[in-house]
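Enquirer: Just so we're aligned, residue 42 is where the sequence shown starts under my numbering, counting upward by one. We put the beta carbon where it would ideally sit given N, CA and C, even for glycine. Because the structure is a prediction, the values reported are computed rather than measured. I have a structure I would like to understand better, so I am pasting it below and will then ask my questions one at a time.
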Amino acid sequence: MRVAIVGAGIGGLSAAVGLRRAGARVTVFETSAAVRAGGSGLSVFANGIRALETLGLGPAFASVTDRGVEGFTAGQRRPDGRWIARIPTESIGRLRIVDRADLHRILLDAVDRDTTGPDRVASTAGPDDMGEVSIRCDSEVISARGDGTVVCADGRTERFDLVIGADGIRSRVREAIAPGHPLRYSGYGAWRGITAAPVDLDGQAGETVGRGRRFGIAPLADGRVYWFAVANMPADAVFPGEKSTVEQMFTGWHRPVMDLIEATPAEAIHRTPIWDLGAPLPRCHAGRIVLLGDAAHAMTPNLGQGGGQALEDAATLAVLAGRMGDPARLEHMLDRYDGLRRSRSQDIARTSYLVGRVFQTESRILSGLRNAVLHALPPRLAAGAAASVQDWAPPQC
Ligand SMILES: Cc1cc2nc3c(=O)[nH]c(=O)nc-3n(C[C@H](O)[C@H](O)[C@H](O)COP(=O)(O)OP(=O)(O)OC[C@H]3O[C@@H](n4cnc5c(N)ncnc54)[C@H](O)[C@@H]3O)c2cc1C
């Protein structure tokens, strides 16, 4: 099967890894001049790890993450540092925090290529029973058609048995399935950073929640710390300096919030306005086109599941392609993918949006109520809610 993947993000690269293992000949189109990880750190829960294992990447992922995170006390704190609630250990038992650059390197190693440099066409053939992957950087796809045709900005067109749209929230490929599908601004933006050097967290991580503001702390394997700061703002907000703004907004919050911001170089702090899909897609495939990752179900990051869902999508497609990847049975395969993936990812996106509404409230009364509920929530219920998101297994065909 000849497969085009549009986008070399987490979703596109992991699909390339899986489809290559399934014997496909894969071409990845990436608009940027080089394959790069966007963002800084990433929380990967049990479901995402299972998907990575399905793709054969379990050991590589384990080598850049640390089980030590399991020993941390996590949950929600007040800005003065008092705990509102501690998350039961079983809810985040397999959580791992990874530097996105490491995850991208693992994915690239698995397609066995160095793809840096503009216009570089990298190509590899695997062992006999494997397919091959070529990654074309500087190749923006402007449209895809149901017959499998991909049209690039430079005018090149090429036809494939299957086109996978993994081109993120502002997907061009999605236009072929749901033209003009709306996006929704959440009302908040998020800064992210990784400290330049290790910072002692005293065994405590998780989120600190104020009114309309949140700060998240997540330890990386080498002692550096991935952090994020969320605040309500218009989508087009402009600040004189990102680092000075985030420092100002979180002044007075408990230690080590300011230490973490200070330990991060200004050029390594980036802000992202948070959008998701304005409505769930009615379907995620049409003809020879299928969507995965943010192109299919861009969600707010409140559950830390956007990347995990992209990994599940990729692992599912890979398993299905391995077992029923005959081009003649494509429609059946894509129907099955849609059935396995769409409602699960859309349910998670819906919950994530609602969680964001609750955690970003500026109301004194509502935030007090939220904290009281979090405090009173029986650990069994919290663990059950986490399990419903994190329990995932690859399809048994
Ligand atoms: C603040 C924040 C925190 C987050 N935290 C987490 C977390 O802790 N855990 C988690 O699991 N998820 C998290 N996420 C979500 C996660 O980052 C995304 O869900 C994930 O990166 C989506 O991957 P993707 O490959 O689908 O899309 P993307 O990462 O957007 O990749 C799309 C790729 O396609 C390329 N592209 C775009 N258009 C074209 C085109 N026309 N032609 C060719 N190439 C194109 C882009 O250059 C890019 O390389 C977070 C998101 C945000 C914003």
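Excluding the five sequence neighbours on either side, which residues of its own chain have a C-beta within less than 6 Å of the C-beta of Ala-278, listed in chain order?
Expert: Numbered from its first residue, the sequence shown carries residue 278 at position 237. If we look at Ala-278 and ignore the five residues flanking it on each side, it has no Cβ neighbours.
Enquirer: Give a yes or no on contact between the segment 75-87 and the segment 371-385, applying the rule of three or more CB pairs nearer than 8 Å.
Expert: No, the segment 75-87 does not touch the segment 371-385.
Enquirer: Which residues in the same chain have their Cβ closer than 6 Å to the Cβ of Ala-217, if we skip the five residues on either side of it in sequence?
Expert: Here residue 217 refers to the residue found at position 176 of the sequence shown. Result list for Ala-217: Ala-185 and Ile-330, in chain order.
Enquirer: Under three-state DSSP, which class holds Ala-75?
Expert: Start at 1 with the first residue of the sequence shown, and residue 75 comes out as number 34. Of the three classes helix, strand and coil, the one that applies to Ala-75 here is coil, per DSSP.
Enquirer: Assuming Ser-227 and Thr-341 make a contact with CB atoms under 8 Å, what is their CB distance in whole Å?
Expert: Along the sequence shown, read from residue 1 onward, the residue named residue 227 stands at position 186. Along the sequence shown, read from residue 1 onward, the residue named residue 341 stands at position 300. Confirmed, Cβ separation roughly 5 Å.
Enquirer: By DSSP, does Gly-167 sit in helix, in strand, or in coil?
Expert: Here residue 167 refers to the residue found at position 126 when the sequence shown is read from its first residue. With a pLDDT of only 47 at Gly-167, under 50, the local geometry of the prediction cannot be trusted, and the value read off the model is given with reservation. Coil, per DSSP.
Enquirer: Check whether the Cβ of Ile-90 lies closer than 8 Å to any heavy atom of ligand 1, and answer yes or no.
Expert: If you number the sequence shown from 1, residue 90 lands on position 49. No, since every heavy atom of ligand 1 falls outside the 8 Å radius drawn around the Cβ of Ile-90.
Enquirer: Three or more C-beta pairs under 8 Å: does that hold for the segment 78-89 against the segment 137-150?
Expert: Result yes; three or more Cβ-Cβ pairs closer than 8 Å.
Enquirer: Quick one: complete beta strand (DSSP E) runs, 3+ long, within the segment 308-363?
Expert: Complete beta strand (DSSP E) runs here, min 3: 311-318 and 330-332.
Enquirer: Along the chain, which unbroken stretches of the alpha helix (DSSP H) at least 4 residues long are found entirely within the segment 361-436?
Expert: Listed in chain order, the complete alpha helix (DSSP H) runs (minimum 4 residues) inside the segment 361-436 are 371-400, 405-417 and 420-431.
Enquirer: Please go through the same chain and pick out, in chain order, the residues whose beta-carbon is closer than 6 Å to the beta-carbon of Arg-118, but skip the five residues on each side of it.
Expert: As a position in the sequence shown, residue 118 is number 77, starting the count at 1. Closer than 6 Å at Cβ, skipping near neighbours: Trp-124 and Thr-249.
Enquirer: Helix, strand or coil for Val-250? Go by DSSP, reduced to three states.
Expert: As a working mapping, residue 250 is identified with position 209 in the sequence shown. Strand.
Enquirer: Is Arg-211 a contact residue of ligand 1, with contact defined as CB to any heavy atom under 8 Å?
Expert: Position 170 of the sequence shown, counting from 1, holds the residue named residue 211. It does: the Cβ of Arg-211 is within 8 Å (strictly closer) of some heavy atom of ligand 1.
Enquirer: Between the segment 347-367 and the segment 291-298, do at least 3 Cβ pairs fall closer than 8 Å?
Expert: At 8 Å Cβ cutoff, the stretches do not touch.
Enquirer: Rounded to a whole number of angstroms, what is the C-alpha to C-alpha distance between Ser-384 and Tyr-378?
Expert: Working through the sequence shown from its first residue, we reach residue 384 at position 343. Working through the sequence shown from its first residue, we reach residue 378 at position 337. Rounded to whole angstroms, Ser-384 to Tyr-378 spans 11 Å at the Cα level.
Enquirer: Measure the beta-carbon distance from Val-47 to Ala-207 and round it to whole angstroms, keeping in mind my assumption that it falls under 8 Å.
Expert: Sequence index remark: in the sequence shown, residue 47 carries index 6 (1-based). Sequence index remark: in the sequence shown, residue 207 carries index 166 (1-based). About 6 Å separates the two Cβ atoms, so the contact holds.
Enquirer: In three-state DSSP terms, what is Leu-136?
Expert: Within the sequence shown, the letter at position 95 stands for residue 136. In the structure shown, Leu-136 sits in coil (DSSP, three-state: anything other than H, G, I, E or B).
Enquirer: For the beta strand (DSSP E) that Ala-45 lies in, which residues bound it at each end?
Expert: Indexing the sequence shown from 1 puts residue 45 at position 4. From DSSP, the beta strand (DSSP E) with Ala-45 extends over 43-47.
Enquirer: Please confirm if the segment 305-321 is in contact with the segment 252-261, defined as three or more CB-CB distances below 8 Å between the two stretches.
Expert: With a cut-off of 8 Å, the segment 252-261 and the segment 305-321 do not count as touching, because too few Cβ pairs lie within range.
Enquirer: So for Ile-205, helix, strand or coil by DSSP?
Expert: As a working mapping, residue 205 is identified with position 164 in the sequence shown. The answer is strand: DSSP assigns Ile-205 an E or B state.
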